[in-house]
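Novice: Numbering (the UniProt record's numbering), first residue to last: 1 to 383.
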């Protein structure tokens, strides 16, 4: 698979995904964690990007002057150890909206190009990347070290109890998921007790449509539903607007355990929707802030700034608002050399599986609703 380093950011953003929420009311955190209005610590000067890329030049040049507005100051950006198993902003009282299945699929295909370099969903992908997160698996990089791969397995076991392919890994996946979050990469990276796990995951993905649907159901609960809620809360109603929020939440996450950059932080700097005359104007500002922040903030290897080319592509797509706002026409992602039509098949992994065509009689089961757990008590019980 291509461009998997971006999926590492997705995995990091997930953190302890299934350990509850931090309450928000009108975009303000309730409680004291030393956070700004969206629960994000101020950033220190040493996080300003030092390298430059073509898409991080001009107004996006990561100079101290250009990056000043993003609150680069003295507060620590060290990992935040969740308290009372709380990692997510509470968005249960946010408004919600719906998008058609074809729109959600279109958004997934666009993001898959950025994540994997093409429109082929990598359901069977499994790799130990040495990033402190164990195995990275599946079409959006579920990881064994951050509990989300564990949750996929739990949901699969719960829905299809007669399938025991993952039975021998259940206890170890739960053990890894319960480890302390911060400053513990070696322990969470451990795959020594997961012998054979990559083959089992790949075999199920290539031969069992039930496992594909489980990945989709969990992935959509993690990303699509929160993206819909954030979009509705900010009065973003277009299919393209949803796709922009979806891609942002896939790459950057929506929880305070990722203090450097996340969807709420970008929304904070963009401002309220009411400040802008049209949704198009708002989304322009949203992408501009996302790209500026990515160019300004660096990880150890400038991964954020190096991947801001995806936002440049999204800005091009947004420019043709009339033609693209409803996601009914093909969109070209110039930097990645791919045109997404929205009609590509996403039911089978022709990239990782030996068959390069969808097997005969391959049919996914009906989608099932996945409810993400909201407390430590049920975080690893699949409730």
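Where a beta carbon is used, it is the ideal one built from N, C-alpha and C, also for glycine.
Among residues of its own chain, excluding the 5 on either side of residue 325, which ones have a beta-carbon nearer than 6 Å to its beta-carbon?
Specialist: Contacts found: 238 and 240.
Novice: State the DSSP-derived secondary structure class of residue 90, mapped to helix, strand or coil.
Specialist: If DSSP states are grouped into helix, strand and coil, residue 90 belongs with the strands.
Novice: Are residue 209 and residue 343 touching if we call contact CB-CB under 8 Å?
Specialist: Cβ atoms of residue 209 and residue 343: not closer than 8 Å.
Novice: Around the C-beta of residue 28, are 16 or more other C-beta atoms found within 10 angstroms, so that it is buried, or is it exposed?
Specialist: Only weak support is given to the placement of residue 28: the predicted model assigns it a pLDDT of 35, under 50, and the question is left unresolved by the model.
Novice: Does the contact criterion of 3 or more C-beta pairs under 8 Å hold for the segment 214–231 versus the segment 180–192?
Specialist: The answer is no - the segment 180–192 does not touch the segment 214–231, with fewer than three Cβ pairs under 8 Å.
Novice: Out of curiosity, what's the CA-to-CA distance linking residue 295 and residue 235?
Specialist: For residue 295 and residue 235, the distance between alpha carbons rounds to 27 Å.
Novice: Count the other C-beta atoms from every protein chain shown that fall within 10 angstroms of the C-beta of residue 367, then say buried if there are 16 or more, exposed otherwise.
Specialist: It is exposed - the Cβ of residue 367 has fewer than 16 other Cβ atoms within 10 Å.
Novice: Quick one: what does DSSP say residue 125 is sitting in, helix, strand or coil?
Specialist: Reduced to three states, the DSSP call for residue 125 is coil.
Novice: Applying the 10 Å Cβ sphere with the 16-neighbour rule, what's the burial state of residue 136?
Specialist: Buried: at least 16 other Cβ atoms inside 10 Å.
Novice: For residue 193, which residues of its own chain have a beta-carbon under 6 Å away from its beta-carbon, when the five flanking residues on both sides are left out?
Specialist: Around residue 193: 172.
Novice: Buried or exposed, going by whether 16 or more other CB atoms sit within 10 Å of the CB of residue 57?
Specialist: It is exposed - the Cβ of residue 57 has fewer than 16 other Cβ atoms within 10 Å.
Novice: So, residue 384 versus residue 100, is the Cβ gap smaller than 8 Å?
Specialist: Residue 384 cannot be examined here, being either before or after the span of the chain that is shown, 1 to 383.
Novice: Let me know the alpha helix (DSSP H) ranges lying completely inside the segment 309–357, each 4 residues or longer, listed in chain order.
Specialist: Complete alpha helix (DSSP H) runs here, min 4: 309–319 and 321–324.
Novice: Following the continuous beta strand (DSSP E) through residue 363, name the residue where it begins and the one where it ends.
Specialist: From DSSP, residue 363 is part of no beta strand (DSSP E); its letter is neither H nor E.
Novice: Looking only at its own chain, which residues have a Cβ that is under 8 Å from the Cβ of residue 370, when we skip the five neighbours before and after it?
Specialist: 155, 217, 218, 220 and 221.
Novice: With C-beta atoms as the reference, is residue 384 less than 8 Å away from residue 229?
Specialist: Residue 384 is absent from the structure shown; the chain starts at 1 and stops at 383.
Novice: So does the segment 326–335 actually touch the segment 60–68, counting three or more Cβ pairs closer than 8 Å?
Specialist: Counting Cβ pairs under 8 Å, fewer than three are found: no touch.
Novice: Express the C-alpha separation of residue 149 and residue 142 in angstroms, rounding to a whole number.
Specialist: One C-alpha to the other measures close to 5 Å.
Novice: If you draw a straight line from the alpha carbon of residue 159 to that of residue 145, how long is it in whole angstroms?
Specialist: Spanning the two alpha carbons is a distance of roughly 23 Å.
Novice: Under the three-state reduction of DSSP, which class applies to residue 295: helix, strand or coil?
Specialist: Residue 295: helix per DSSP, three-state reduction.
Novice: Please specify which runs of the alpha helix (DSSP H), each continuous and at least 4 residues long, are wholly inside the segment 239–267, giving them in chain order.
Specialist: Segments of the alpha helix (DSSP H) lying fully in the segment 239–267: 239–252.
Novice: For residue 137, which residues does DSSP report across the bridge?
Specialist: 126 and 142.
Novice: Tell me whether residue 182 is buried or exposed, calling it buried when 16 or more other Cβ atoms sit within 10 Å of its Cβ.
Specialist: Under this definition residue 182 is an exposed residue.
Novice: What do you reckon, are the CB atoms on residue 123 and residue 138 nearer than 8 Å?
Specialist: Going by C-beta atoms, residue 123 is nearer than 8 Å to residue 138.
Novice: Under 7 Å Cβ to Cβ from residue 214, same chain only, skipping five residues before and after it: list those, please.
Specialist: Excluding sequence neighbours, residue 214 sits near 152, 155, 156 and 159.
Novice: Using a Cβ-Cβ cut-off of 6 Å (strictly less than) and excluding sequence neighbours within five positions of residue 310, which residues of its own chain qualify?
Specialist: Within the same chain, residue 310 has close Cβ partners 114.
Novice: Closest Cβ-Cβ distance between residue 310 and chain C: below 8 Å?
Specialist: Absence of chain C from the displayed structure is noted, only one protein chain being present.
Novice: Report yes if the CB atom of residue 349 is closer than 8 Å to the CB atom of residue 205, and no otherwise.
Specialist: Taking 8 Å as the Cβ cut-off, residue 349 and residue 205 qualify as a contacting pair.
Novice: Report the CB separation of residue 243 from residue 107 in whole angstroms; it is logged as a contact under 8 Å.
Specialist: Contact holds; Cβ gap of about 4 Å.
Novice: Looking at C-alpha atoms only, which residue of 131, 178 and 127 is the closest neighbour of residue 195?
Specialist: The residue with the shortest Cα to Cα distance from residue 195 is 127.
Novice: Less than 8 Å separating the beta-carbons of residue 308 and residue 53?
Specialist: Yes, these two residues count as a Cβ contact at 8 Å.
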